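A short worksheet on the structure shown next.
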Amino acid sequence: MNPVLVAVRTGLRRGVIETRQALTSGQDLFGLAIYPLSALITLFFMRDATFQSSGIGLGALALPSLFGLLIVFNALFGIAGLLATDREDGTLLRAKATPNGMAGYLTGKIVAAAVLAVLPALPVLLGGLALIGDGLGFGTPDRWLALAAITALGLLATLPLGAALGSLFTSPRNLGYLSLPIMGLVAISGIFYPITALPGWLQAIAQAFPVYWMGLGTRAAMLPDSAAAVELGESWRHLETIVVLGFWAALGLVLAPPFLRRMARRESGSSVAARREKALQRAY
241 MNPVLVAVRT GLRRGVIETR QALTSGQDLF GLAIYPLSAL ITLFFMRDAT
291 FQSSGIGLGA LALPSLFGLL IVFNALFGIA GLLATDREDG TLLRAKATPN
341 GMAGYLTGKI VAAAVLAVLP ALPVLLGGLA LIGDGLGFGT PDRWLALAAI
391 TALGLLATLP LGAALGSLFT SPRNLGYLSL PIMGLVAISG IFYPITALPG
441 WLQAIAQAFP VYWMGLGTRA AMLPDSAAAV ELGESWRHLE TIVVLGFWAA
491 LGLVLAPPFL RRMARRESGS SVAARREKAL QRAY
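The sequence shown begins at 241 in the working numbering and counts up by one.
So, in structure tokens, the structure goes:
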């Protein structure tokens with residue numbers, strides 16, 4: 241049997257095992273639950289508010305946006321955190337030393353990161369539907385299919401990019417440097433309030449990144465056609481959504497392989513030992 245195929249199959253099993261471990265760890269479960277809980281609290285307080293004189297509920301606009309945000313955020317930071325953690329504790333070095341080990345290792349990480357990106361978003365979707373389902377044009381099979389398609393495209397646009405970013409950090413603690421710019425993008429990307437209320441230059445910045453387009457795509461899948469009146473151009477801009485998210489997916493797929501090869505080349509026993517020593521010094 242092809243050794244690479246064997247490695248990929250091993251990676252799929254590894255991804256399932258890592259997902260199961262995350263779902264049985266109290267610390268990991270808390271980390272997975274905190275953002276969905278915050279999102280549901282936000283939706284609860286927004287459920288009766290409307291956007292200006294449009295009559296469209298802010299809660300109805302925010303629910304699909306928050307679902308899309310969680311997919312992007314969890315995919316981007318999830319795989320980056322997994323790679324940085326494994327780099328620090330030597331797991332990556334052991335995978336590198338195994339024949340075709342990197343193929344299996346990366347397959348496992350992609351599977352685990354994808355599942356752990358989607359799972360926390362599901363309670364927000366289901367809880368939000370219970371809170372404000374009357375304001376949505378959602379529930380038919382074609383709408384569910386559209387939501388699944390934009391979710392898959394969002395994962396493709398963010399997982400490779402997250403892997404490339406994760407390869408740049410030697411410790412998961414350093415990922416905090418990414419949080420501030422990401423939160424800034426969230427604030428201007430129409431997640432909590434329509435982007436049409438922002439100045440034009442902020443709209444332009446938001447549209448250069450996938451957060452806005454993922455939110456627009458999930459709103460298009462879940463909201464009635466009349467809700468497009470509060471979007472830029474009063475349109476869901478399906479083609480533009482596919483093009484921009486496709487661009488970020490292509491960029492991530494181009495950047496991730498050389499970045500990951502560079503990361504693997506730099507791994508050695510001495511570098512892992514040095515990082516462990518630094519971690520022990522911080523602990524004491």
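Cβ coordinates follow ideal geometry from the N, Cα and C atoms, glycine included.
Since the model is a prediction, treat every value here as computed from it, not as a measurement.
Ends of the alpha helix (DSSP H) at residue i?
i, result
"Y275", "G266 to M286"
"A461", "P450 to M462"
"F499", "H478 to R505"
"I422", "G416 to I428"
"R334", "T331 to K336"
"G440", "G440 to A446"
How would you call residue i, buried or exposed, if buried means at least 16 neighbouring beta carbons within 10 angstroms?
i, result
"P464", "exposed"
"M423", "exposed"
"V494", "exposed"
"I319", "buried"
"L323", "buried"
"W441", "exposed"
"Q447", "buried"
"Y417", "exposed"
"I281", "exposed"
"D268", "exposed"
"S466", "exposed"
"G430", "buried"
"L362", "exposed"
Which residues does DSSP list as the beta-bridge partners of residue i?
i, result
"G297", "T290"
Enumerate in chain order the residues of its own chain whose CB-to-CB distance from residue i is below 7 Å, with the five nearest sequence positions on each side excluded.
i, result
"V426", "L309 and V451"
"L533", "Because residue 533 is not part of the residues shown, which for the chain are 241 to 524, the question remains open."
"F432", "A302"
"I428", "L438, L442, I445 and A446"
Going along the chain, which residues of its own chain have a beta-carbon closer than 6 Å to the beta-carbon of residue i, five neighbours each way excluded?
i, result
"R287", "G299, L371 and I372"
"M454", "G308, V312 and G394"
"A357", "I311, N314, A315 and G318"
Might you give, ordered along the chain, the residues of its own chain that have their beta carbon closer than 8 Å to the beta carbon of residue i, omitting 5 neighbours on each side?
i, result
"T259", "V351, A352, V355 and L356"
"S278", "none"
My parser needs the alpha helix (DSSP H) runs of 4 or more residues fully inside the region 342-380; what are they?
361-372
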